[in-house]
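For the sequence shown, numbering that gives the first Met the number 0 assigns the number 0 to the initial residue and increments by one for each residue that follows. Here a beta-carbon is modelled for each residue, glycine too, at the ideal position from N, C-alpha and C. Have a look at the structure below before the remarks.
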Amino acid sequence: MSRTLLMIPSGSPKDPLNRKEISVFNLLLYSPEPRKISDNRVSFCEQLPSFCEATSLRRPFVDHSDSITTTNVTATLDKMAEINTLGWVDYLIIAIMLCISAGIGVYYRFSGGRQKTMEEYFVASRSMSIIPVAVALVVSFMSAVTLLGVSAENYTYGTQFVVINLSYLLGTPIVCYGFLPVFFKLQATSAYEYLEKRFGMRARMMASFVYWIQLLSYSGVVLYAPSLALEATTGISKTASIIIIGLVCAFYSTIGGIKAVLITDVFQGLLMFVAVFLIISIGANDVGGLGQIWEIAKQGQRLEFDRIDLDPTVRHTWWSLTLGGLCTFLSLYGVNQVQIQRMLTVKNLKASRRAMWLSWPILSLLSITTCFSGLAIYSKYHNCDPFLKKRITSSDMLMPLYVMDTMSKIPGLPGIFAAGIFSAGLSSISAAQNSLAAVTLEDYIKPLYKKCVGYEFSPTKSAFMAKVLAFTFGIISIALAFLAQFLGGLLQASLTIFGVVGGPLLGVFTLGMGTESATESGAIIGALTAFSFLFWIVFGQPRPMPPKLPTSIEGCDNVANITMSVLQNVTSLSKSTGDSSYFYLYRISYMWYSPLGFLITFILGLIISNISRLFLKKQNDELDTNLFFPVLARRIRYRRCMDVENERSSSSLSRKYSLNDGKDDATDKICTKL
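Quick look at the structure:
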């Protein structure tokens, strides 16, 4: 590796320092092929006297390689860079958004039943219409982290990720006709009450506890990540963002209950769409239309839809995005407390299915437009990448940076975008707070209270306790958001935990609903094994960095070119290690975590269950058929009816249990009594 000293001649007779040559950066450039920098020779102090002043270049100096570091130069240039900040109009828009959200909570506190019962507070007395429920199903998990991350994903790795929308189409009917009927017949506030009825209290406690830790940690990250990104690019105080957003969210979700959460989701979802469409519109206007955005993306190798690779170590393929996305979708929409609770706020199963079907095109539209917004951002920075230029250090900052670069001169537009990002965070956090309160009250406090005292809470006391819990979780989310800034390496870990927990939980519920032979011990052992395995392959060793698509700095100004020539060569100091040197399981794409967790839980749980029944001579219990998928429940009722018919074949009652009349509904009604 060669060592190159960057020399920039003055070339000016008016050089006040009377220097013929200065070593501006005095950096060691490590590269097998040092970049040619002859084209970038400029009279540096003439063009940027403030730089010379800032770096105290008072006299000629010779090579002292450690005197000025890459970090120092970058920091100096960062200080010199023009920082766009929000104006008073932008802050006014954000304030209006927060006031409307809080006002919705106040309205539902003093309207209707005034949130005095558990039924109203957690499931809106099952009186909500399908439109707000459908929108809430979309925005509850389209958090600010997702909104910022999906655009950065398409900017950095291309459009292959958009294939995940196929999994939404495949998963929606499974939720509507598989999981949803079971939960709707159960009519329980906590989704984990199902596990107690199907398996036992231990299974319920295990799943509920894992969910509790998962969602609580995620709510802190969802609050922290957008605050950090917006502070770095717009000047909005991170501390103020966390406190204000956290308190407003805790306020309206506490006093307004699930009704306030759902209606604010509609308002906040609208702002999310506005923010995304605003980025696409500005991008199209700047480069000459949507077609030009597409063409620039094509030239930059960003368009990729046809990667059909069976290798599980490839980050994104049709298989990983379709199958992995399907398991993730089912874990979020099929068995997750947040979504189940929302789908139970309508009056009947038919309305719940309609809300779920309506949410699918809304979710796909938001996902696809967010993906395209990444291409719009790429059209702006395709020849002057802000990562290489060290303007940003995290992908979460890409979208806010783009907004401030393109919209800061138009009062109000950055404020609309910031309101949209904050709305994405509010919708996810409020959903988490309400659901955590429901799970904690139903799965822990009420059973413990009844066991200790001998009777249950009154409806009024239960509602009061629910509000206390919701507000408490709001404060905890704020505290975790502040804690997250000191746990930088664990931010990605928290998000990964959110993904890997879903697969095993999906496996536990599928074991219960899809098989008769599954036992509590099988479900628990299968889930704990899956959790352990996934945490091992995720956190066991450092993982190889996925290869990024090429970026360019050719369109940057001279100073940026010189700086980045240095930075790029310094970056090459650490020679990248081939992926093959990593243990195979550590290289598996994160999209396969959920399917792996599901399969391990289901297969191992089924094996353990059958072994326990074989050696313990335990027979199948006569479980309520409503605890199974409708297709399986019908088969079980059919078999039970046939058993009864065979036993009573010589009795006059045999006609009463006949299945030959073709009336399935009548048959189901009879068999339900068995």
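Residue range K237 to V286 is occupied by the alpha helix (DSSP H) that includes G255. When rounded, the separation of the alpha-carbon atoms in Y193 and L603 is 21 Å. Contact between L505 and F386 fails: their C-beta atoms lie close to 35 Å from each other, not under 8 Å. In this chain, the alpha helix (DSSP H) harbouring T155 covers A143 to Y156.
A residue is called buried when at least 16 other Cβ atoms come within 10 angstroms of its Cβ; E152 meets this threshold and is buried.
Residue environment analysis places A239 among the exposed positions, since fewer than 16 neighbouring C-beta atoms fall within 10 angstroms of its C-beta. The beta carbons of P545 and Y156 sit about 7 Å from each other, so the pair counts as a contact at 8 Å.
For E441, no alpha helix (DSSP H) encloses it, and the DSSP letter there is neither H nor E. If you ignore the 5 residues before and after V247, its C-beta comes within less than 8 Å of the C-beta of L97, S100, A101 and L425, all in its own chain and listed in chain order. Residue nearest to S372 within the set Q336, L277, L357 and M342 is L277 (criterion: CA-CA distance). With the rule of 3 Cβ pairs closer than 8 Å, the region 218-234 counts as touching the region 394-405. Boundaries for S139: no alpha helix (DSSP H) harbours it, and the DSSP string shows neither H nor E there. Exposed is the label assigned to R638, since fewer than 16 other Cβ atoms lie within 10 Å of its Cβ. Annotated three-state conformation of T84 is coil, per DSSP. Inter-residue distance for A296 and F198 is about 52 Å (C-alpha atoms, whole angstroms). In its chain, beyond the 5 residues on either side, V122 have a beta carbon closer than 6 Å to the beta carbon of L343. Counting only the Cα atoms, G148 lies some 25 Å from R341. Residues T518, S520, G521, I524 and G525 of the same chain have their beta carbon placed closer than 8 Å to that of I607, with the five preceding and five following residues left out of the count. Y589 carries a helical assignment under DSSP once its states are collapsed to helix, strand and coil. In this chain, the alpha helix (DSSP H) harbouring A206 covers M200 to T233. Linking D442 to A431 through their CA atoms gives a straight-line distance of about 16 Å.
Out of Q213, V105, S422 and G511, the CA that lies nearest to the CA of G255 is found in V105. T321 sits in a helix when the DSSP states are folded into three classes. A residue is called buried when at least 16 other Cβ atoms come within 10 angstroms of its Cβ; C451 does not meet this threshold and is exposed. In this structure, the alpha-carbon of S319 lies about 13 Å from that of F328. Remark: C-beta atoms of L322 and P594 approach each other more closely than 8 Å.
Annotation: P410 is outside any alpha helix (DSSP H) and is labelled neither H nor E by DSSP. For V122, the uninterrupted alpha helix (DSSP H) segment begins and ends at M117 to V122. Distance between L269 and L214, taken at the CA atoms: about 24 Å. The Cβ-Cβ distance between I428 and S218 falls below 8 Å. Counting the other CB atoms within 10 Å of its CB gives F614 a total below 16, which places it among the exposed residues. Around the C-beta of K408, fewer than 16 other C-beta atoms lie within 10 Å, and the residue is accordingly described as exposed. The alpha-carbon of S422 is positioned some 15 Å away from that of D89. For I92, the number of other beta carbons within 10 angstroms of its own is at least 16, and it is reported as buried. A direct Cα-to-Cα measurement between S611 and M205 gives close to 20 Å.
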